[in-house]
Amino acid sequence: MKKWMQQIPRFLENLCVSFTLAVLLYSLWGAQKETMRRGWLYEIFFICVLATLLQGVFFYENRWTKRVSYLWRMVFYGVAMLVVVSLCAIGFQWFPRTDLQNWLVFWGVFLAGFVLIALVFEISFRFRRKVYQEALDRYKMEQKK
Numbered sequence: 001m002k003k004w005m006q007q008i009p010r011f012l013e014n015l016c017v018s019f020t021l022a023v024l025l026y027s028l029w030g031a032q033k034e035t036m037r038r039g040w041l042y043e044i045f046f047i048c049v050l051a052t053l054l055q056g057v058f059f060y061e062n063r064w065t066k067r068v069s070y071l072w073r074m075v076f077y078g079v080a081m082l083v084v085v086s087l088c089a090i091g092f093q094w095f096p097r098t099d100l101q102n103w104l105v106f107w108g109v110f111l112a113g114f115v116l117i118a119l120v121f122e123i124s125f126r127f128r129r130k131v132y133q134e135a136l137d138r139y140k141m142e143q144k145k
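Quick note on full-length UniProt numbering: the sequence shown kicks off at 1 and runs consecutively.
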């Protein structure tokens, strides 16, 4: 329980970032409209809370994340998020449940967005890994002197 309490600031930070980005992206997507329906803000917030909780399950350090590779955690997280947003699409009635074309477009956009976000994180992690490795190499060289 204490470990989870220590993760609260990280959870809140990730929630704020994801909500802000989601609202900005949704605003750009619906830029032809003058206003954003207040209900959409609550829907976006609800999804961001669930997404951040799932991030905690799949990516914050715990026994499970130490045993499962990053790739598989990404796959499981993607499937879990697809279920969440699909249930939200049904619950919030974003489009008719029986319209297969809308579902295919919805899932395609989700998949494309998920892959794009995963690539951005992968590039970011590779860059950080390189910076840390260079710092470690410099430290080792200094220790040899």
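Backbone N, C-alpha and C fix where the C-beta goes; we use that ideal spot for every residue, glycine too.
Asked, Found
"Within this structure, are the beta carbons of F106 and A80 separated by less than 8 Å?", "no"
"Give the list of continuous beta strand (DSSP E) stretches no shorter than 3 residues that lie fully inside the segment 4-78.", "none"
"Would you call the segment 65-81 and the segment 25-41 touching, i.e. three or more CB-CB distances under 8 Å?", "no"
"Going by C-alpha distance, which of V115, E34, D99, L41 is nearest F19?", "L41"
"What are the boundary residues of the alpha helix (DSSP H) that D137 is part of?", "100-144"
"On a Cα-Cα basis, can you pick out the residue from G108, C16, D99, N102 that is closest to I47?", "C16"
"Within 10 Å of its beta-carbon, does Y52 have 16 or more other beta-carbons around it, so buried, or fewer, so exposed?", "Residue 52 is actually Thr in this sequence, not Tyr. Label assigned to T52: buried."
"Counting Cβ pairs, one atom from each stretch, are 3 or more of them under 8 Å apart for the segment 123-130 and the segment 94-102?", "no"
"Tell me which residues share the same chain as F45 and place their Cβ nearer than 7 Å to its Cβ, disregarding the 5 neighbours each side in the sequence.", "F19"
"Hey, G56 and F11 are a contact pair by Cβ (cut 8 Å); roughly how many whole angstroms apart?", "6 Å"
"Mind reading off the beta-carbon distance from L50 to V84? Whole number of angstroms is fine, and I expect it under 8 Å.", "5 Å"
"Between the Cα of V109 and the Cα atoms of N14, E13, L24, L82, which residue gives the shortest distance?", "L82"
"Considering only their Cβ atoms, is the gap separating E43 from F76 smaller than 8 Å?", "no"
"Whole angstroms are fine: how far does the CA of V23 sit from the CA of A112?", "18 Å"
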